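Presented below is the structure to which this report refers.
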């Protein structure tokens, strides 16, 4: 019931909400994050945000910290997953999150 109320409140507050896509070189970008020991029974959680955006100027080189982020087109898919495995560190949770986002069905 709370989820329905939240959705209806959002719809009333944002009556003209749209998903906007901008023309780009259309390369799939994935932003992945993991939350270590955030769920009961010593489990971790992972999330992935999949969207299309511009091709990086040099894909083999990491972007500078002060460079502008890629254009955020509307999401293609968003995944949230509670991992069954008990992980031993936050770094391991991050790698497991990358693995779960990589194998997510398109």
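Numbering (the working numbering), first residue to last: 14 to 119. Ideal Cβ positions, reconstructed from N, Cα and C, are used throughout, including at glycine. The structure presented is a predicted model; accordingly, all values stated were derived computationally and were not measured.
Distance from the Cα of residue 99 is smallest, within the candidate group 81, 52, 87, for 52. Going by DSSP, residue 41 is part of the beta strand (DSSP E) stretching over 40-52. Around the C-beta of residue 114, 16 or more other C-beta atoms lie within 10 Å, and the residue is accordingly described as buried. Sequence-distant partners of residue 65 (beyond 5 residues in either direction) whose C-beta falls short of 8 Å from its own C-beta, in its chain, are 34, 37, 39, 40, 41, 42, 86, 89. Rounded to the nearest whole angstrom, the CA to CA distance from residue 55 to residue 116 is 23 Å.
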